[in-house]
Each structure stands twice: as structure tokens, then as C-alpha cells.
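Visitor:
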Amino acid sequence: MAVVIINDTPVDIGTERLNLIQAAAKIGVFIPSYCWHPALSVVASCRMCLVEVGEKKPDGAIAMQPRVVPACQTPAKDGTVCITNSEKARTAEARTLEGLLLNHPLDCPVCDKAGECLLQDFSYQFGKSSSRMIDPKNTPPNKPDIGEHISLFTDRCIMCSRCVRFTREIAGSSELHVVNRGHHSEIDVFPGDPVNNPLAGNVVDLCPVGALANKEFLYKQRVWFLKNASSVCAGCSTGCSITIDHNKDVVHRIRPRENPQAQGHFICDEGRFDYPYVNSKDRFQQPMSAVATGGSPVAVQAGRLHHDTWENVIPTVRRELTNAAKQGGSEVAAVLSPMLTVEEAFLLAKFIKGLSADAKLYLGWVPTVGKDEQFPQDRKGNPMGPVKFTIRAEKCPNRRGVEEVLRHFQVELLGFDRLLANAGKLEALYLTAGYPPRLGAWLTDEQTKTLAKIPLLIVQDLAPSPISEAAKFVIPAATFAEKDGCYVNHANLAQQLHWAVRPGSMGRSDGQVFLYLLERRGLIQASALRQEIAREIPFFAALAGDLGEFGVKLG
Amino acid sequence: MPIAETDVRWVKAPTLGLLDRLYLPAIAQGLGTTIKHIFQPRVTQQFPEQRPDLPANYRGLHRLNRDTDGRVKCVACFMCSTACPARCIDIVAAPSPWPDREKYPEMFVIDELRCIYCGLCEQACPCDAIELTSMFDLTGLSREEMMFDKEKLLSVFDQTAGIGKDPVRTKGGKLSCASEPNVAGI
Ligand code: SF4
Ligand code: SF4
Ligand code: SF4
Ligand code: SF4
Ligand code: FES
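As C-alpha cells, this is what we get:
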């Protein structure tokens, strides 16, 4: 048991190994810092965290060190005394900031970081607004091509070296370096070796100032216009916690959200830069049908897909599926995509099994690309040292969740290959997909032909494809950014998604469509549905409570 | 909170005398005022033949200022659209084609119908790129026509900068060289 004294307040830190920044944070005392990051090694180079430190001797006497020391580098031990609000400590902070601003261009109005810039924030809180610098500032040239997705505004860099340490310690590929010395030092890469590793985008989040910028987001929005929704990345089965930054129903940026239970501090570039399909205009905007549904405003040739309204399509789909189930339950089937949330899978399974107990449920295609990639890894792709980040080969977020729903409704877990084998016997199929376009066409021509023969084929997908052309009904699917619900990752961690944008004016989230089909009233309420699931399926019992920020382990 | 009875002061309507009720003296008084004004200097302005002389800080139609090279001065910082209480400034930023700055407005649209002419955009601008001029007689035949885009706003600058009526201001309260006639490249 260790007691640290922060600004006269004793803090019991137990047996935790903390530095003074972390110990002070325990009682809400904020020590500003730039170079220190909990996931990176300590270099104590920015000197922003200077505090007065001393020691309380066993006899009660307090001996202070004569100079200020960096809090990030000072371990919190029993009897450590730390003072952050004295004249000396405050002056040290102000002096550090003045030094950092010596060569800083202060072009906040055109800087993309403005609004979430730590240099702005700390200058405002701890520094002063005027500069005594009279000499011309260093203006090293910008490096817009330092990475495929990353641009470096060299003059804004405060040389905290977080980005350099990230490429060395987390990614492992060590592209970024500090070149030159003193006030002329700058961040650079070797010629022809841009920072393009699969985790490169994280250096933009790590950069406390506007030096490293995300080219996909650059100049798109000022950050104070953005609204945030906490969600889960749908890119792979790691299920990284993310924040979706959006404005006016457009997703502008994906950022990692720290989650010690899921992935830690970072996300991979595949997940970070995959969002444009959410905003794509090529997605289905409204349902389509190939039958002349009642009250359809246009005279429609039977057999040709045309836009239709929800009011027409939902009852028709329900009626046709019910009729098919009456003729033979085993000839009706549904495919539950691993892109569905647990709630959605549950509702669809309930609907299909409600038509007939003999109806079959299949697990949708589980996309797998390559092998799990572990970081840090060297240039040849060999893992080095303890694993700090894993990009999984399974490129869908919720196989575990959908599997468990399927296991509850049906003894045997049927995979997608089984569906293809049985497709000839089917009368009706409700096929959910919703895979991001990055994964490419997911059905071969052969498979499409097999499925296209099913008389009543209902496809719920994001964008037109050969299989949707062959469908009798097409229902627009929603992406992760439009869903409320939860995903279960590879390690059975259930995490909550919150919708960020609306699926178009005519769109509906998948869960809402299933509610319509089930003839349940109202809008989808993920938490109420989770209560229901927790009651019915023992595996999901933990969903009854609050999932919190970090999610809960199931099973 | 109810008003205390002690705080209420009751006022009686004045009782009208015979003269008041005849109305004749009041009519004569009114005629007197009219006749007096016939001999006084005229204040009515014959708009539109005669243009009003507006104060220098009048807040009319916006303009987007040009720098001394004739380029748009705006750096697309969005400060104006952030400050705008009517949310009527729409900007699309892009990397600038010029080496001396990073960002410029690819699109800059002000909905002049939605604008309340408060002038906050002018105050917010860190580089004196947007200013309100003394042009007040905006007309248009459609709503679209009143969405002033970058070209239109720059042309307002071309019309107003050289005439000395709407000086281009800078932070120190000094006039910028662009406000001198025939310097702004017009
Ligand atoms: S890095 Fe921060 S302080 Fe520097 S220009 Fe950008 S917003 Fe301003
Ligand atoms: S580019 Fe950003 S993260 Fe890298 S050293 Fe400079 S300020 Fe730090
Ligand atoms: S004058 Fe006021 S309302 Fe009009 S654009 Fe400027 S800030 Fe907006
Ligand atoms: S505040 Fe000035 S520089 Fe910034 S976007 Fe508006 S007009 Fe342009
Ligand atoms: S955070 Fe402690 S020196 Fe940089």
C-alpha cells in the first residue's frame, strides 16, 4: 500500500505502478503532458509536466527537491510528495509553453487540429498569449506525402516524438524519425519509405498538435462542428471501440476510443478509413420489389425490380413468407449475416422461426482475409516482442453473437456452405448481407446462380449486386454507423453501438425492419431488446445490465 | 411573483373638455404643423434617384475581400460560419493552389435572405476577408439568386473597394492599402 501526497491531499494508490500524472489524475488533479502516453515508453522530452517533487520521511519531515522534475518520469512511491499548483510549478509550465511556441506558426485558423489541440488548450490554461520572440521563426517545408493517408505540417510539430515511438513500439516498422538537431530537428521518413503501415493512422490521433493530419479528413470540417457517437468498429472480429465523428448525417472521421477490454488505445487503418461506404450514394435508398405490390404508384411489369414503399413491401414480404411457410416450413430459410447486431439477429431468427418451427436459419458468409496480423511486427511481417495490437483475419464484427443466437433457435449451427448445398430445395430465402464493399464480391457467379433459382428471394444488402438483381424483394441494409445494438467480438466481449447517422430519409435500420416484420410496435429499443434476449438466452444473460463504456464479457 | 398593491400607481384618463370634444383646435394644430414643414428644409430622399448617405459602419451586403494580388483573402477558417447566429454561411475548404497559404475556400456561399446582418462574421474573421458594405438594396427574383457565392461576393468587393465608401479595414483600425482607389487591381 502506497500513499502519495498530491497538493496536500494523500492519495492511496494501492499496489499500482503509476507515475505522478496518473496518481494525480486519481484525485482529479490534472498535470498537462505532451510526450507521455500510457501506451508508449517514457522519454520526458517535452517538459510540459514539470512539478515540484519531494519525499515525506518516516519521521514526518518533508524534503523537497530543489528543482522541478517531469511528473511523467517520476514513479509514485509511498511518501512521494507532488506539488502542481505552486508558483514554481506554474512558472515552469508557462516557460515550457513559451519555448514550444517559439517556432510555432500559430496558424490555428487554418489548422485542422484547432479545437482539439493540446497546444491551444494548455496555452490557454497554463501559458500566456503573447510571445517575446522577435527573430523570424523556423519554417521547415511541409511534407504532404509522408504517408498515403497522412500529411505532416512540419512547422507545427512540437517534437514530442509520440509518433516516432508509436511506429517503433506499436507498429514496429519504424518509418518515422527525428532528423537534425536542436531547434532544427524535425520529423521525417527515409526517402521512398512513407509511413504506410497498417496502423499508421494512429499517429494522427497521437500527435498532440496539428502537425500530423489525416488526409481523408483534412479541411473537411472544423472539429467543433462534429458530433460524436461511441460505437464499435465493424472491420474485424477484434471489435475495436471507436468514436464516430459525424455532422449532418455524414460520417467524417473514425477515431479509436480507449478500451482496455477490447483493443487498447489504437485502431487499424482498415477500420479507420473504411467509412466512405457509409456515406455512399450508391447504396440502396429505399426498398425495391419485383412484384406489383398493392397501391404501387407506377404501373410495373412483373419481374422487374422497381422502387417501392415500406408500406407496400413489408406486408407483402410478410404475407409471401407466411404462405411459403404454410406450404412447407423446411422450405423457408434465412441467412443471418455476421454484420447484424445481436438484437437484429435475435429479431430475425424470432420472425423466421415464428413462421414455422421447421424453417432453417443459416449463419451468413464469414469473410476471412489472410491471417491474423500481430503488432509490433518487423519489416518482414514477423511479430516482435509482446503483442500490442491484433488485426484479425475474420473481417466481420459479430460472428460470435450471431452464432449464439442461432444455437439458441436451432440445435445445429448451419454454415453458409450448407445453405448453398440445400438451396435447390428452398422455396423462400431471407438473405441478409451488409458486407462493406472493401471485401469485394462475396458470392461467386456459380453461387449467385444457385441462389437466384429460389422463387421467393429477399435480399437485405447495402448496394446493388448480382444477387440483389435476382431478388424478388430488396431491402436496404444499414451500416454499423446507423445501428443501435451490440456486437460480440472474438473473445465474447459484448460492446454497445450507438447510431451516429440516419440511413437516408427512406432508409430503416435492420432492426427496425425486423420489428415491422414481427408486427411489433414502436421504434427499436436496443436496451429493452437486450433485456429480452438476456431472459431467453442464457449465454447472453450479462446483457441484461448496463454494457457500459467498455462492454461486458459473455458466457 | 404577484405585484404588491403598494407598487401600483393608478393613472386616470384625462377628462376631455368642450374644446377637446369639438376636435377643431386639434385639426387646426395639425394643419399648422403641415404648413410649417412646407417652409422647412426637405428631408425626404428621392430613392432610388437619390442615394442615401449611410454611415461608414452600416451593415449591408457582404463582400469577400481580395488581397493585393487580387486573390480571395479568405483562408477558409470557418470562424465566420461558426460565429454566424443565422447559420447562413456555407464554406467548402480545399488545399490552396498558392504556395503562401494552406487552405482556401473552394466554395463560399452566404444565404443573404437568411442573414440578419448582425456583422458578427466580420468581427470573427481573423484576416479581414469578409466585410459588410453599404449596399442595402438587394433584390432578386428567386431564392437561389440570393445565395451569394464566392464570385458574386468578390464582385461586390470589386464594386465597393475603390470608391472609398466602404474602406477595407484592418485590425489596428487602419485602412488597408486595398481600400485606396485603384490599388486593389480594379
Ligand atoms: S497545432 Fe494547435 S496551436 Fe498550432 S496552429 Fe494548430 S491548432 Fe494552433
Ligand atoms: S509530429 Fe506530432 S506526434 Fe510527432 S513529434 Fe511532432 S508533435 Fe509529436
Ligand atoms: S451578418 Fe450575421 S447573420 Fe449575416 S452572415 Fe454575418 S454573422 Fe451571419
Ligand atoms: S472568417 Fe474570414 S477567413 Fe475565415 S472563413 Fe470566414 S471569411 Fe474566410
Ligand atoms: S509529458 Fe512529461 S516531459 Fe513530456
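Respectively, the protein sequence lines represent chains U and F. Quick note on numbering: the first sequence equals residues 522 to 1076 in my numbering. Quick note on numbering: the second sequence equals residues 10 to 195 in my numbering. C-beta atoms are modelled at their ideal positions from N, C-alpha and C, and glycine is treated no differently.
So for residue 818 of chain U, helix, strand or coil by DSSP?
Guide: For residue 818 of chain U, the pLDDT reaches just 47, beneath the cut-off of 50, and the residue's location in the model is therefore unreliable, although a value from the coordinates is still provided. Residue state, collapsed to three classes: coil.
Visitor: Under a Cβ-count criterion, where at least 16 other Cβ atoms within 10 Å of its own Cβ denotes burial, should residue 809 of chain U be classed as buried or exposed?
Guide: Buried.
Visitor: Less than 8 Å between CB atoms is the rule here; does residue 740 of chain U satisfy it with respect to chain F?
Guide: Residue 740 of chain U counts as touching chain F.
Visitor: Suppose contacts are defined by Cβ-Cβ distances below 8 Å. Is residue 761 of chain U in contact with residue 916 of chain U by that definition?
Guide: No, these two residues do not count as a Cβ contact at 8 Å.
Visitor: Verify the CB distance criterion: does residue 818 of chain U have a CB-CB separation below 8 Å to chain F?
Guide: The pLDDT assigned to residue 818 of chain U is 47, lower than 50, so where the model puts this residue is not dependable, and the model offers no usable value.
Visitor: Distance check for residue 166 of chain F and residue 759 of chain U, CA to CA, integer angstroms please.
Guide: Those two C-alpha atoms are separated by around 56 Å.
Visitor: Excluding the 5 residues flanking residue 145 of chain F on each side, which residues of the same chain have their C-beta closer than 6 Å to its C-beta?
Guide: Correct list, in chain order: 69.
Visitor: Output, in sequence order along the chain, the residues in the region 625-655 of chain U whose CB is closer than 7 Å to any CB in chain F.
Guide: If the cut-off is 7 Å between Cβ atoms, the region 625-655 of chain U has 630, 631 near chain F.
Visitor: Looking at chain U, is there any beta carbon in it that lies within less than 8 Å of the beta carbon of residue 97 of chain F?
Guide: Not closer than 8 Å to any Cβ of chain U, the Cβ of residue 97 of chain F fails to qualify, so no.
Visitor: List, in chain order, every chain U residue whose beta-carbon is nearer than 7 Å to that of residue 86 of chain F.
Guide: Result: 630, 631.
Visitor: Should residue 93 of chain F be listed as close to ligand 3, given that the test is whether its C-beta is under 7 Å from any heavy atom?
Guide: Within the cutoff, so yes.
Visitor: Using the beta-carbon of each residue, which ones in chain U are nearer than 7 Å to residue 103 of chain F?
Guide: Within chain U, the residues near residue 103 of chain F are 740.
Visitor: Quick check: what's the CA-CA separation for residue 685 of chain U versus residue 630 of chain U?
Guide: Rounded to whole angstroms, residue 685 of chain U to residue 630 of chain U spans 27 Å at the Cα level.
Visitor: Rounded to whole angstroms, what's the CA-CA distance from residue 522 of chain U to residue 534 of chain U? Just pull it up for me.
Guide: Answer to the nearest angstrom: the Cα atoms are 7 Å apart.
Visitor: List the residues of chain U that residue 135 of chain F touches, going by C-beta distances under 9 Å, in chain order.
Guide: Ordered by position in chain U, the residues that pass the 9 Å Cβ test against residue 135 of chain F are 629, 630.
Visitor: Alpha carbon to alpha carbon, what distance is there between residue 1010 of chain U and residue 1023 of chain U?
Guide: Computed Cα separation, rounded: 24 Å.
Visitor: Using CA coordinates, which residue listed in U:558, U:592, U:606 is at the minimum distance from residue 530 of chain U?
Guide: Among U:558, U:592, U:606, the Cα nearest to that of residue 530 of chain U belongs to U:606.
Visitor: Is the number of C-beta pairs between the region 1025-1034 of chain U and the region 986-1003 of chain U that are closer than 8 Å three or more?
Guide: Touching, per the Cβ criterion.
Visitor: Going by C-alpha to C-alpha distance, which of U:738, U:704, U:705, U:682 sits closest to residue 696 of chain U?
Guide: Taking only the C-alpha atoms, the option nearest residue 696 of chain U is U:682.
Visitor: Cβ-heavy atom distance between residue 648 of chain U and ligand 3 below 7 Å?
Guide: No, the beta carbon of residue 648 of chain U sits no closer than 7 Å to any heavy atom of ligand 3.
Visitor: What residue from U:586, U:574, U:540, U:643 has the CA that sits closest to residue 559 of chain U's CA?
Guide: Looking at the Cα atoms, U:540 is the closest of the given residues.
Visitor: Taking the beta carbon of residue 10 of chain F as the centre, do at least 16 other beta carbons fall within 10 Å, making it buried, or is it exposed?
Guide: Counting Cβ neighbours within 10 Å, residue 10 of chain F comes out exposed, since fewer than 16 surround it.
Visitor: Residue 835 of chain U by DSSP, collapsed to three states: which one?
Guide: Residue 835 of chain U: helix per DSSP, three-state reduction.
Visitor: With C-beta atoms as the reference, is residue 532 of chain U less than 8 Å away from residue 548 of chain U?
Guide: Yes, Cβ-Cβ distance for residue 532 of chain U and residue 548 of chain U is below 8 Å.
Visitor: Is it the case that the Cβ atoms of residue 692 of chain U and residue 718 of chain U are separated by a distance below 8 Å?
Guide: Result yes, Cβ atoms of residue 692 of chain U and residue 718 of chain U sit closer than 8 Å.
Visitor: Is it the case that the Cβ atoms of residue 102 of chain F and residue 740 of chain U are separated by a distance below 8 Å?
Guide: In contact: residue 102 of chain F and residue 740 of chain U (Cβ atoms closer than 8 Å).
Visitor: For residue 890 of chain U, name the three-state secondary structure that DSSP assigns.
Guide: It is coil, neither helix nor strand.
Visitor: Flag residue 159 of chain F as yes if its beta-carbon sits less than 8 Å from any beta-carbon of chain U, otherwise no.
Guide: Cβ-Cβ to chain U under 8 Å: no for residue 159 of chain F.
Visitor: Assuming residue 768 of chain U is part of the beta strand (DSSP E), what are its boundary residues?
Guide: Note, residue 768 of chain U: beta strand (DSSP E), 762-768.
Visitor: By how many angstroms is the C-alpha of residue 29 of chain F removed from the C-alpha of residue 35 of chain F?
Guide: Going from the Cα of residue 35 of chain F to the Cα of residue 29 of chain F covers about 8 Å.
Visitor: Contact criterion: CB-CB distance below 8 Å. Does residue 112 of chain F meet it with respect to chain U?
Guide: Interface residue, yes.
Visitor: Between residue 747 of chain U and residue 687 of chain U, which are expected to be in contact by the criterion C-beta below 8 Å, what is the C-beta distance as a whole number of angstroms?
Guide: The pair is not a contact, with the Cβ atoms about 24 Å apart (cut-off 8 Å).
Visitor: What number of angstroms, rounded off, separates the C-alpha of residue 1095 of chain U from the C-alpha of residue 660 of chain U?
Guide: For chain U, the structure presents residues 522 to 1076; residue 1095 of chain U sits outside this window and is missing.
Visitor: Taking the straight line between their C-alpha atoms, what separation do you get for residue 905 of chain U and residue 894 of chain U?
Guide: Near 12 Å, if we compare the C-alpha coordinates of residue 894 of chain U and residue 905 of chain U.
Visitor: Determine, for residue 745 of chain U, whether the minimum Cβ-Cβ distance to residues of chain F falls below 8 Å.
Guide: Cβ-Cβ to chain F under 8 Å: yes for residue 745 of chain U.
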